[in-house]
Every structure is written in C-alpha cells, then in structure tokens.
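Student:
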Amino acid sequence: MFSCIFISSLLLIAKFVLTFMHVNISKCFYKITEDFHHEGDVVIGAFFPLHTYYTKNKIPHSYLPYYYKDNYLQYNFKNYQYILALVFAIEEINDNPNLLPNISLGFDFYNVRFIEKDTLMNVCFWLTGQGQKNILPNYNCGKSNFATALTGTAWTTSAQIGTLLQLFKFPQLSFGPYDSILSDRGQYSSLYQMASKYTSISLGIVSLMVHFRWSWVGLILPDNHKGNKILSEFREDMERKGVCIAFVKMIPMTWNAYYNKFWENMDETNVIIIYGDIDSLTGLMRNIGQRLLTAKVWIMNTEPHITDYADYFMLDSFHGSLIFTHNYRKSFKISNFIQTVNPYKYPEDIYLPKLWHLFFKCSFSDVDCRLLANCQPNASLDVLPSHILDMVISEESNNIYNAVYAVAHSLHQMHLQEVQIKPHENGEAIAFFPWQLNIFLKDINERDNMSFGGRQKLNAEYDILNLWNLPKGLGQKVKIGSFSANAPEGQQLSLSEQMIQWAEGFSEMWINVSSVQRVIIQIQRRTTVYRKL
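Under mature numbering (1 follows the signal peptide of the UniProt record, and there is no 0), the residues of the sequence shown are numbered -19 to -1, 1 to 514, in order.
1. Using C-beta distances below 7 Å, list every residue in its chain close to T306, excluding the 5 sequence neighbours before and after it, in chain order.
2. Residues bridged to C225 by DSSP?
3. Looking at C-alpha atoms only, which residue of A176, Y169 and T144 is the closest neighbour of Y159?
4. Buried or exposed for I386, please, with buried defined as at least 16 other CB atoms from any protein chain shown within 10 angstroms of its CB.
5. Which residue marks the beginning of the alpha helix (DSSP H) containing T109, and which one marks its end?
6. What are the start and end residues of the alpha helix (DSSP H) that includes S183?
7. Measure how close the beta-carbons of T129 and P415 come, nearest whole angstrom, since I'm counting them as under 8 Å.
8. Any chance the segment 222 to 235 sits against the segment 273 to 287, with 3 or more Cβ pairs inside 8 Å?
9. Could you tell me the alpha carbon to alpha carbon distance between I74 and H390, rounded to whole angstroms?
10. By a C-beta neighbour count over all protein chains shown, 10 Å radius and 16 as the cutoff for buried, is N383 buried or exposed?
11. Which residues in the same chain have their Cβ closer than 7 Å to the Cβ of Y239, if we skip the five residues on either side of it in sequence?
12. Apply the 10 Å Cβ neighbour rule to P358 and answer buried if 16 or more other Cβ atoms are within range, or exposed otherwise.
13. With a Cβ-Cβ cutoff of 8 Å, do Y179 and A441 count as a contact?
14. Under the rule that 16 or more other beta-carbon atoms within 10 Å means buried, what is N83, buried or exposed?
15. DSSP state of K59, grouped into three classes?
16. Report yes if the C-beta of P233 is less than 7 Å from at least one heavy atom of the ligand SAM; otherwise report no.
17. Any contact between the segment 256 to 270 and the segment 200 to 207? By contact I mean 3 or more CB pairs, one from each, below 8 Å.
18. Excluding the 5 residues preceding and the 5 following S344 in the sequence, name in chain order all residues of the same chain whose CB lies nearer than 6 Å to its CB.
19. Give the straight-line distance between the Cα atoms of W244 and N268, rounded to the nearest whole angstrom.
20. So, for S477: in the same chain, excluding its five sequence neighbours on each side, which residues have a beta-carbon less than 8 Å away from its beta-carbon?
21. Is it buried or exposed for residue 527, if we count other Cβ within 10 angstroms and need 16 for buried?
22. Assign Y53 to one of three DSSP states: helix, strand, or coil.
23. Among all the DSSP beta bridges, which residues are the ones paired with L474?
See the structure below:
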C-alpha cells in the first residue's frame, strides 16, 4: 500500500516541479483585494484568514503609522477549503426546493489578517455597505439583507468581531474550536459556537500512551486559558493511568520571545504531545518543521499548516506523527463539487486565478488580472498536493458547512412564522432584521442530538491519523485507528499497528524509560533547584 502511494506521489512530484520551473510569477499574483461577493436574496458575511502580510526587518513606513515598507504578502491556500465548504453548502441549499423556496443565499467574503484594526475595519465596511469608501457608523448605505456573520478560526478573532456585532445584537456563528470565553452570554449574547464543547481527547491520547507503554512524555500547550484547562485534564488522566510528565512547555503567542528557551530539556523524551489550535501554535510548528527533527513522535490534535516541507524523503520533522481528529458520523461529500470549481465558473473569486496561475501554468491577461490564458487542460483543485489544499474535510470546514445550514433552517422557520401571521404576495422578498434570527439560533448548542441540516453530534469519537511524509511535501494522512469514549472499557481504542509509519530513528526501547532513569532525572532537577536557591 505504501509503495503504491509512493509511486503515484513521485509522478505528481514531476508534474509540479515542471510547473514551478515554467511559471514566472506575474505581478497580478501579488495584486489582492480584501473581499469578494456572491449575490443572493439573503447574504452571509464570511470572515476567513486566507492571506496575510508580514515584515522581516520592520522598516517603518514614511507616512503611514503602524505600517512597514518591507511588507510581504503570504497566502494560506490550505484555508481555501473554508470557501469551498461555504459555496458548496450555499449551492446545496439554493438547489433544495424544500428549504428556503424562492429565496437564494449569497455571501460577502472578507479576509482576516490577525490585526485587530484591519479586522474591525472590514466588519465596518460590511455592515455599512460602503466597501472601501467612507464609513458612516450606524447607517447601511447599500443592501440591507444581511443574515449573520461566520467568524474564525481563532477565538480572538471571533471575540474582536463579536464585541462590535454585539452592539447591534447581530448574530454571529464561530466555526473555530470551542472556547469557554465565547460562551459568556453576558458578553456575547448573539454569538453561537458550532464546535462541540464536549471533548475526551486527553483520555484518548493517554489511552494511546498506555497502549504503547509510553510512560514518560512531554506536553506542549498554548499559554492561555485553554492551555491551562487541558493541562489539568491531562494531569488527571495521566495520573490515573500511570503516565508521567517529563516536562510541560506553555507557548506564548509571541513565539520569538520564547524561541531560545523552548529547546531546553527537549531530549528527555521522544514522545511529545502538542495540543492547541493552529493559530496559537503557528510559530512553534514552523520552527519544528524547519529544524528537520527525527526520532521523535508528535501526538497532536491538529495538523501543522506548513507549506515549506523538507524535500528529503522520510526526513520531515512531522513524519510519523499521530493526529487525533473528530470523527463525523456523516460528513458532507465535496469531492465531486471540487472537481467542477474553476476561475471561469466563479469569476468573482479572487483566489482561484492565483491558484491556476501558480499550479497550472496559466498566464494573466494584461487587461484584467482575473482573465487567464494558456492553462493546462483538465486543471482541477483535486490534483493539488495536500500541503497546498487538502481534500480531507477539516473540522473547521465541517463547522462552516453546518453553520450555513443552521442559518438556512433558522431563516426557513422565521419565514414560515411570518407567512402564518401575514401571507406574502408572490415574488415578495423576505424582509427582516438580523437580530430577529437570534430566537431561532439561541439553542443551537443544545441541538447536538438532532440532525440539523448537516449538523451531527460528535459523540466523543476520534479518528487517529498517521502522517506520512513524501518528497516535496506530498504527504498522506492515513487512518490507523480510532477512539470512542462511549465504548466499553478496554474497547475504546482501536489500532492497526501494522499500518503505522514511525519517525526515522524512532525506537520504542528508548521511549520506555525505566523508573530508575526517571528517578535520576528528578534528582538532577531538584539539585538544580537547590543550587538556584
């Protein structure tokens, strides 16, 4: 099986290497707008992180405060899956005669750059309908058919946007990981989280430790309220199962300030758990990827979003990693839809022309940067490597899909209620204020046991994936097991060990540190503490 994947991946490598050799990056590739729109009777605002700007030397701009001269544009095409999930859900609903009949859904997309000022500015552009023109607070000078806002992935982004939308009781659906701060109804009464708050991931990971008799492991967590909460859960589960913690490293958002201290004591164990959302651990993941580490097994709850993988076969730092992901009983099937997506079908999309230019040798027209020529025949998103655009649906994309259905069902119920009170004339457009949707969305977190459009209960079930590295980043995520907290004791963990590809140089004999070795390490630590005192 592995050899088949390897051979097919080598063929893909040749194709993409030739593509990069012949592509001269056009100036159109670096021309970017912060938004694009798809018309509909009712519009959803989508605030997704797809591109950002970074600076290397922080050279101040001559007349623009808080800006730098050496700004560089960076695309995160992996997150383009969010737009695909959004468009797919909207088209499904628009084609369904039994859901929102005679009413079409559309969307306004705005990029999120992790800078609070820019994020709030885009929200203001959207609310006022002014685009990049002058903003008139509390006035909408354009269309007024907004329904709700989709925000994420970071909880900080949803919190920033929620602070503004809360002023108008404007409904907001967060598609990122569940966060207890966002559940504060006093502060965010109109914010609803699509992710389940119930998790058994610490129990699942610790069960994996017990299965392989890994009794000495490291923990890497974000230095925030979520990291502190999961740390207490890991401590409790590990103590109960007899697993010892070699070290705990809490990673701050400002990774550069912590960089030098991080690698201290990392050689105490070769099994390390990394828990956190990708936004809070981006710097860490990138640094691990750049160091070309081997002989370590990383157990994670999220896949690292790194596009510059090592070219060395089987020597990627994350090769052999084990990833716990939520298992969806019934996920939406998007593969056929993805094969039909192209810049000509969706001319308003600002990212598709850039993907086609970069990977399919298309040339931009001198007249319009969205017009393409001389493209490879049969170009399709589904042939891109997984580190560029993954075809396996992520938890965030699943949440976006379910969020669109939640909005559609709420609009449908509200429309039926209005028709019963006051029948609409044929062809009369639906008219409402966004805050009216809150009554239909307020119990969304209690509907886990129901089929809510595409929404399905997570039921504390996880798939366990093994990350296989291949040259040029053409890796594979292979399901090698599962964990179900609701299964009987002794049957919760299921593994196909023969399918696991371990990290190069990894040895289970080194991992199973004896009790004598652990005592020696603990004595050394105490001696160091006494010396400091």
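Note that the Cβ used here is the ideal one computed from N, Cα and C, for glycine as well.
Tutor: To lay it out plainly:
1. The residues are E376, Y443, D444 and L446.
2. DSSP links C225 through a beta bridge to W197.
3. Per the Cα distances, A176.
4. What sits at residue 386 in the sequence shown is Tyr, not Ile. Answer is buried; the Cβ neighbour count reaches 16.
5. T109 -> alpha helix (DSSP H) spans E97 to T109.
6. Looking at the DSSP string, the run of the alpha helix (DSSP H) that includes S183 is I182 to H192.
7. The beta-carbon distance between T129 and P415, rounded to whole angstroms, is 7 Å. This is short enough to meet the 8 Å contact definition.
8. Touching, no.
9. About 10 Å.
10. Per the 10 Å Cβ criterion, buried.
11. Non-local C-beta neighbours of Y239 in its own chain, meaning closer than 7 Å and more than five positions away in sequence, comprise I232 and P233, ordered along the chain.
12. Answer is exposed; the Cβ neighbour count stays below 16.
13. Pairing Y179 with A441 gives a Cβ-Cβ distance under 8 Å.
14. Classification of N83: exposed, given that the 10 Å Cβ count is below 16.
15. DSSP places K59 in the helix class (H, G or I) of the three-state scheme.
16. The ligand content of the structure shown is nil, which means the ligand SAM is not present either.
17. With the cut-off at 8 Å, the segment 256 to 270 and the segment 200 to 207 touch.
18. If we look at S344 and ignore the five residues flanking it on each side, its Cβ neighbours are A354 and N355.
19. Annotation: W244 to N268 spans about 11 Å, alpha carbon to alpha carbon.
20. These residues qualify, in order along the chain: I461 and G462.
21. This structure does not reach residue 527, given that the chain is present from -19 up to 514, and the question cannot be answered.
22. In the structure shown, Y53 sits in a strand (DSSP, three-state: E or B).
23. The secondary-structure analysis by DSSP pairs L474 across a beta bridge with F464.
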